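Asks:
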Amino acid sequence: MLTEEILKDALHYGKAFTKLGKTAQYIPQLKEVNKYYLGVCAMDLDGMVLEAGDTRVPFTIQSISKLVSLILAIRDCGADHLFHEKVGVEPTGDPFNSIVKLETRTRPFNPFINAGAITVASCIKGKDADEKFGRFLEFTRKLCDNDAIELNHPVYESERATGDRNRALAYYLKASGILEGDVEECLDFYFRMCSVDVTAHDIAHMSLVLANHGADPEDQEELIEPQYAKAIRALMLTCGMYDGSGEFAMTVGFPAKSGVGGGIAVPLVDRMGIGVFGPALDEKGNSAGGIKILEYLSNKMDISLF
Ligand code: GLU
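Each residue of the sequence shown is one higher than the last, beginning at 1 in full-length UniProt numbering.
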């Protein structure tokens, strides 16, 4: 059983690795974050909440937002259309922002690489970026059980000003007929969804919903259809940790989705949701200390799926 003492030991173990990582250097606002932050929050289905370290420090959700947008796009376009016409479900082995495979295979490999996530963002309904973002924000607040979640404007401006690689991906997708609609509007929504402030506590709750087959753990309201919660957990296992997903499956062994803001969301099905925050990233873009916390917990509690 997970105890506060085990969580504190895991945090202590992870701390040693923060100095080895770097904050995301390509987004000016993220570069400035204190890289020694580290926190972990775990929530189980009986209402137990355990926290250690910097669990209430806000950070931008970044790629973890791709879970939320994927659920909305499945609802809006249908899973068949989305996964047959727009994005695949296979790992790439390439960095998250890679452009290299777009020419040889038009459909992005999966919804979690940037090309895939921008495509998914284009499938969300709304008359403009404001309406799409309003729906995204409302759903994120629900998944995190926190109505105070808001956009971080400086990070959004920073991403918009420097996101030329994402612009290149989006225009390429438009030229290939994958991305429909207005490219700049789609990117504006994408930059905003990545720039929403959350905490490790929020992410633990979102993970708990996925672990609970898509149902709100408090009142059992269905927030995600169970079959899609299952599909998303599977995608998290194979593609959630960028091109480090294989190694993470070997050393840690459960579904997870990381973001370059330093967050990691971990749904342990029928057990608990874990949220981690540590902005010092390894060379793949995953939280260096965060991975070590999860490795410690996996070994200590023998909870690898394998
Ligand atoms: N906003 C980031 C980008 O598009 C998200 C990347 C990530 O967290 O993996 O570059």
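Glycine included, C-beta positions come from ideal geometry on N, C-alpha and C. Since this is a predicted model, take the numbers as computed values, not measurements.
1. Flag Val120 as yes when its Cβ comes closer than 7 Å to any non-hydrogen atom of ligand 1, and as no otherwise.
2. Hey, would you say the C-beta of Ser98 is under 7 Å away from at least one heavy atom of ligand 1?
3. On the premise that Leu187 lies in contact with Ala115, defined as a C-beta separation below 8 Å, what is that separation, rounded to the nearest angstrom?
4. Below 8 Å, can you find three or more Cβ-Cβ pairs linking the region 87-101 to the region 142-153?
5. Specify, as a first and last residue, the run of the beta strand (DSSP E) that Leu11 falls within.
6. Determine the contact status of Met272 and Ala256, defining contact as a CB-CB distance below 8 Å.
7. Tyr190: which of Ile61, Tyr26, Val49, Leu2 sits nearest, CA to CA?
8. Residue 310: beta carbon under 7 Å from a heavy atom of ligand 1?
9. Could you check whether the Cβ of Glu159 sits closer than 7 Å to any heavy atom belonging to ligand 1?
10. When you measure from the CB of Gln25 to every non-hydrogen atom of ligand 1, does any distance come out below 7 Å?
11. Roughly how many angstroms lie between the CA atoms of Asn212 and Ala16, to the nearest whole one?
12. Distance, Cα to Cα, Ser298 vs Glu85?
13. I need the straight-line Cα distance from residue 375 to Gly261, nearest angstrom please.
14. Note down the Cα distance separating Pro91 from Tyr36, rounded to an integer number of angstroms.
15. Can you list the alpha helix (DSSP H) stretches of 4 or more residues lying completely in the region 55-127, in chain order?
16. Any heavy atom of ligand 1 closer than 7 Å to the CB of Val260?
17. Is it true that the region 13-31 meets the region 69-80, where meeting means three or more beta-carbon pairs spaced less than 8 Å apart?
18. Please tell me whether Val33 has its Cβ less than 8 Å away from any Cβ of chain D.
19. Mind checking whether Ser258 and Leu179 have CB atoms under 8 Å apart?
20. Tell me whether Met250 is buried or exposed, calling it buried when 16 or more other Cβ atoms sit within 10 Å of its Cβ.
21. Cα-Cα, which of Cys194, Met43, Thr162 is closest to Ile118?
22. Confirm, please, whether the CB-CB distance from Phe112 to Ser176 is below 8 Å.
Replies: For this structure:
1. No, the beta carbon of Val120 sits no closer than 7 Å to any heavy atom of ligand 1.
2. Outside the cutoff, so no.
3. Not confirmed; about 12 Å, so no contact.
4. In this structure the region 87-101 does not lie against the region 142-153, because fewer than three pairs of beta carbons, one per stretch, are closer than 8 Å.
5. Under the DSSP assignment, Leu11 falls outside any beta strand (DSSP E), being part of the alpha helix (DSSP H) whose first and last residues are 4-18.
6. Their beta carbons are not under 8 Å apart, which means Met272 does not touch Ala256 by this criterion.
7. Tyr190 has its Cα closest to that of Ile61, out of Ile61, Tyr26, Val49, Leu2.
8. Since the first residue shown for the chain is 1 and the last is 306, residue 310 is missing from the structure and cannot be characterised.
9. At least one heavy atom of ligand 1 is nearer than 7 Å to the Cβ of Glu159, so yes.
10. At a threshold of 7 Å, Gln25 does not count as near ligand 1, since its beta carbon sits no closer than that to any of the ligand's heavy atoms.
11. Approximately 32 Å between the Cα atoms of the pair.
12. Spanning the alpha carbons of Ser298 and Glu85 requires a straight line of approximately 37 Å.
13. Given that the chain is displayed from residue 1 to residue 306, the structure contains no residue 375 and the question cannot be resolved.
14. Distance from the CA of Pro91 to the CA of Tyr36, rounded to the nearest whole angstrom, comes to 30 Å.
15. Segments of the alpha helix (DSSP H) lying fully in the region 55-127: 65-77, 114-122.
16. Checking every heavy atom of ligand 1 against the Cβ of Val260, one is found closer than 7 Å.
17. A contact is defined here as three or more CB-CB pairs under 8 Å, and the region 13-31 fails this definition with respect to the region 69-80.
18. Protein chains in the displayed structure number just one, and chain D is not present.
19. In this structure, Leu179 does not lie closer than 8 Å to Ser258 by Cβ.
20. Here Met250 is exposed. Its C-beta has fewer than 16 other C-beta atoms within 10 Å.
21. For Ile118, the nearest C-alpha among the options comes from Cys194.
22. No, the pair does not count as a contact, with Cβ atoms beyond the cut-off.
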